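Written below as C-alpha cells is the structure these notes are about.
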Amino acid sequence: DGGITQSPKYLFRKEGQNVTLSCEQNLNHDAMYWYRQDPGQGLRLIYYSQIVNDFQKGDIAEGYSVSREKKESFPLTVTSAQKNPTAFYLCASTERGDSSYNEQFFGPGTRLTVL
Amino acid sequence: SQKIEQNSEALNIQEGKTATLTCNYTNYSPAYLQWYRQDPGRGPVFLLLIRENEKEKRKERLKVTFDTTLKQSLFHITASQPADSATYLCALARRNNAGNMLTFGGGTRLMVKP
Chain A
152 DGGITQSPKY LFRKEGQNVT LSCEQNLNHD AMYWYRQDPG QGLRLIYYSQ
202 IVNDFQKGDI AEGYSVSREK KESFPLTVTS AQKNPTAFYL CASTERGDSS
252 YNEQFFGPGT RLTVL
Chain B
690 SQKIEQNSEA LNIQEGKTAT LTCNYTNYSP AYLQWYRQDP GRGPVFLLLI
740 RENEKEKRKE RLKVTFDTTL KQSLFHITAS QPADSATYLC ALARRNNAGN
790 MLTFGGGTRL MVKP
C-alpha cells in the first residue's frame, strides 16, 4: 500500500530533551511538509521541502529542525528550544512542490507530550 | 493580517438533512481552496478542491461553492449520515510563494445524529 507513515504514534519527552519524529512516504512525492496541530486550532506549517536536499522554514520553525537527505524521508527534530512542544504533529506530502493544484496526503500523526 | 474563520462550535444535525459548513477568509486572494475531513486522532483526508474561477464543485453527496467577492466557501453534505461525523477543515492556497503552501482554518466539527 502506498502512503505516509509516522512513528511513533505517541511520544513522551522530558523537558530539555531533543526528540526526532519520523516521516516516511512511498508515494514518490517530491514535496513533504510538517505541521503542528493544537486542540481546536488549525494546522500550522513548521517546515517544508519541495525537493530532496532542500527545505524551507514555515510559519513556526523556531525550535524545530529538519533534514531531507532522501526523497522518501523527512524527519523532524523538536529541540529543547521549542518552548511549548506538546502537540499533535502531522507530516504530509504532495506529488510536486510547485504551485500546481495538488492535494496533500497526510500521515496518521504523532502525539508528543512533554512531561 | 490574513485570517481564515470556520465556526468553532460543533454543528449538530439529524441524519438525512443537509449539513452546511462555512469558511470565511480575510486579506487573502487564494488561487484555490481545499476541503479536508479529519477524524479524531488521525491525519486529514482530502475531499475537494475548487479553483478561484469555479463557482461550484460536486462529488457524490458533497458540494463546495467558492465566492471570491464574499470571500467565502460553503461546504455541503446532502443526505447526511452518522458516518459523516468528523471535523472538516478548509485550506487556502497561498499566492506569491514557491511551493504548494496551504493555510488551514481551525475546522468545524460535524455531528450527525441517527
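So the sequence lines, in the order shown, correspond to chains A and B. Plus 151 on top of the position in the first sequence (first one is 1) and you've got my numbering. Plus 689 on top of the position in the second sequence (first one is 1) and you've got my numbering. Note that CB positions come from ideal geometry on N, CA and C, so glycine has one too. Remember, it's a predicted structure, so these values are computed and weren't measured experimentally.
- A/V265 places its beta carbon 9 Å or farther from that of A/P226.
- Excluding sequence positions up to five before and after A/A232, its CB lies within less than 6 Å of the CB of G214, all in the same chain and listed in chain order.
- The contact set of B/R740 on chain A, defined by CB atoms closer than 8 Å, consists of Y252 in chain order.
- Separation of B/S769 and B/V801 (C-alpha to C-alpha, rounded to the nearest whole angstrom) is 7 Å.
- Around B/P733, the beta-carbon contacts reaching into chain A at under 7 Å are F257.
- For the segment 173-199 of chain A, the set of positions with a beta-carbon nearer than 9 Å to some beta-carbon of chain B reads A182, Y184, Y186, Q188, G191, Q192, G193, L194, R195, L196 and Y199 in chain order.
- Taking a Cβ-Cβ threshold of 8 Å, the residues of chain B close to A/G260 are G730, R731 and G732, in chain order.
- A/A232 carries a coil assignment under DSSP once its states are collapsed to helix, strand and coil.
- Neighbours of A/L241 in chain B, taken as residues whose beta carbon is under 8 Å from its own, are G732 and P733 in chain order.
- For B/A780, the enclosing beta strand (DSSP E) covers residues A775 to A782.
- At a cut-off of 9 Å between beta-carbon atoms, A/I211 makes no contact with chain B.
- Scanning the segment 704-752 of chain B for uninterrupted alpha helix (DSSP H) segments of 4 residues or longer gives nothing; none is fully contained.
- Cα atoms of B/E741 and B/A720: separation of roughly 5 Å, rounded to the nearest angstrom.
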